[in-house]
Each structure stands twice: as C-alpha cells, then as structure tokens.
Amino acid sequence: MNYMDKNICIGDVVAAIPGATKVFDEFGIDYCCGGFRSLSEVIKNQGIDETKVYEKIGQTMADRQNDYQGSNFNEMSKVVLSAYIEDTHHSYLRKALPEVSELLNTIVRVHGKNHRELYDVYKLFGKLKTDLEQHLIKEETLLFPVLDQVLENEKEVLSLTGEIVTEHEAAGEILRELRNVSGDYHLPEDVCNTYRKAYSLLIELEQDLHQHIHLENNILLKQYVSR
Ligand SMILES: [Fe+2]
Ligand SMILES: [Fe+2]
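Quick note: the sequence shown uses the numbering used here, first residue 4, plus one each step.
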C-alpha cells in the first residue's frame with residue numbers, strides 16, 4: 004500500500020499495517036475515532052515531521068514483511084499462521100471486494116449494453132463478495148480462536164472445518180465461472196480504463212484467493228480435512 008498517498012486515510016493504514024498503531028501513538032495521531040481522516044492532512048495540521056512518520060511506517064511494514072518472508076508456513080504454529088492469514092489475506096479482501104464491486108457497478112452501466120457478459124460477471128462477483136464476507140467473519144470469530152484448543156473442541160473444529168472447506172470449494176467454483184463468462188478476462192478493444200482496472204483487480208483477487216485457500220486447506224486445517 005502507498006501510505007504516502009494524500010487520499011489514504013489513517014484507518015486504511017492501520018488495517019493494512021497493524022503495527023502502524025505504535026507509530027501513531029508515538030506521534031499523537033488518533034487512529035480510532037479519527038481513523039477516517041487523511042493521514043497527510045493530519046500530519047500537516049498537527050505540524051508533525053512528515054519524513055519521520057513515513058520512515059517509521061515504512062520500517063514497520065518492512066519488519067512485518069521480513070517476519071513473514073521466507074517463513075516456512077508449515078512450521079508456523081496455528082495461532083501464528085491464522086494471524087498471518089487474517090493480516091494478509093483477510094485484510095486484502097476487505098479492501099479489494101468493495102473496490103472491485105464499485106468498478107463493476109460502473110462498467111456494467113457504461114458497457115453492459117455492448118458487452119452483455121458483464122451482467123454475468125457482475126452477478127457472479129456479487130455472490131462471491133457476499134459469500135466471502137460472511138466466510139471471513141466465520142473464520143475469525145468461530146474457527147481461528149478454537150484452533151489452539153482442539154482437544155477440548157474437537158467436534159466443533161471438525162464440523163466447522165467441513166463447512167469452511169465446502170465454502171472454499173464454492174468460492175473456487177465461482178472464480179472458475181468468472182473466468183469462463185469473461186473469456187479469461189478478455190478485454191474488448193473499445194473499453195475504458197475502469198474496465199481494464201476491474202479485470203486486472205479480478206485477476207489479482209483470484210491469485211490472492213488461491214494462495215489464501217491453499218494456506219487454509221493444505222496447511223492450517225490439513226489434519227482435520229476429510230477426517
Ligand atoms: Fe480465510
Ligand atoms: Fe477461508
């Protein structure tokens with residue numbers, strides 16, 4: 004994320020880089036109730052040293068990436084891996100899903116008449132978005148918190164895992180259908196930049212979701228799947 008962008012608000016920085024709260028505390032920047040304000044505006048209004056704040060946020064982001072990079076997901080504990088998934092993939096979806104939804108809303112109005120497949124893309128994406136939004140909450144509130152107490156909650160973990168894996172399959176199927184109806188995200192010649200952006204974000208979202216589901220199915224929940 005480009006935290007130096009003048010349109011970025013404080014809450015978005017915290018959502019993408021959780022460690023940034025320490026930097027904001029240090030510089031007296033309110034990120035709770037004042038999270039909707041633009042970071043660059045607040046820096047200016049409070050007379051804060053811009054270079055120092057950006058440097059520290061950059062360092063926090065780099066530290067976090069170093070923590071995760073080269074990490075062997077197989078060796079992470081369930082608590083650490085589920086926190087990583089939440090931090091990285093859930094945060095990503097919470098930003099990307101509304102963004103893509105808004106772009107699709109625009110292009111279906113402008114180009115839907117000439118490119119009727121956009122109606123199918125719009126419908127499928129709407130379903131994917133709704134499904135995933137509840138899925139993320141289910142993982143964060145029901146599944147992840149009991150993963151380190153499996154012995155006491157074995158029945159619950161097994162049943163939840165079954166639901167979660169079925170939901171992953173359904174999401175994977177929607178991704179395949181999206182590719183199918185869009186002709187592998189083929190861009191017609193007469194389209195605008197919003198159309199290009201929507202399709203490129205859909206491709207990025209697909210890649211991110213594949214990695215996300217891989218980590219959950221094949222590593223985090225591996226021992227409970229098909230038991
Ligand atoms: Fe997840
Ligand atoms: Fe999941």
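Backbone N, C-alpha and C fix where the C-beta goes; we use that ideal spot for every residue, glycine too.
Predicted model, so just to flag it, every value in this text is computed and none were measured.
Within 8 Å, strictly: CB atoms of residue i and residue j
i: L42; j: Y6; result: yes
i: V149; j: E142; result: no
i: V234; j: L131; result: What is shown of the chain runs 4 to 230, which leaves residue 234 out entirely.
i: A174; j: L135; result: yes
i: Y188; j: I216; result: no
i: V82; j: D28; result: no
i: L190; j: R182; result: no
Sequence-distant residues of the same chain with beta carbon closer than 7 Å to residue i, five excluded per side
i: R40; result: C12, I13
i: Y125; result: L107, V111
i: L145; result: L163
i: V56; result: V26, F30, I46
i: V17; result: A23, T24, Y34, G38
i: L121; result: I110, V111, H114, G115
i: N156; result: V149
i: E170; result: D134, H138
i: L208; result: A99, V103
Sequence-distant residues of the same chain with beta carbon closer than 6 Å to residue i, five excluded per side
i: Q62; result: none
i: I51; result: F30
Element boundaries [alpha helix (DSSP H), containing residue i]
i: V168; result: 157-184
i: G22; result: Looking at the DSSP string, G22 is not in any alpha helix (DSSP H), and its letter there is neither H nor E.
i: S94; result: 94-114
i: Q152; result: First-last for Q152: undefined, no H or E at that position.
i: T133; result: 120-141
i: T197; result: 196-217
i: Y87; result: 81-88
Beta-bridge pairing of residue i - partner residues as DSSP gives them
i: S41; result: C12
Sequence-distant residues of the same chain with beta carbon closer than 8 Å to residue i, five excluded per side
i: D211; result: H92, Y95, L96, A99
i: I44; result: Before going further, note that residue 44 is Glu rather than Ile in the sequence given. Excluding sequence neighbours, E44 sits near K9.
i: L84; result: F76, L218, I222, L223
i: I167; result: H138, K141, E142, L146, E219, L224
i: I20; result: M4, Y6, I60, T63, M64, R67
i: L204; result: A99, E102, V103, L106
i: Y202; result: S185, Y188, L190
i: T197; result: L106, T109, I110, V113
Interface flag, residue i vs chain E, CB-CB below 8 Å
i: D52; result: The structure shown contains no chain E; it is built from a single protein chain.
**Request:** Starting from the N-terminal end, write out each residue whose C-beta falls within a distance shorter than 7 Å of any non-hydrogen atom of ligand 2.
**Result:** H138, E142, I167, E170, H171, H215, I216, E219
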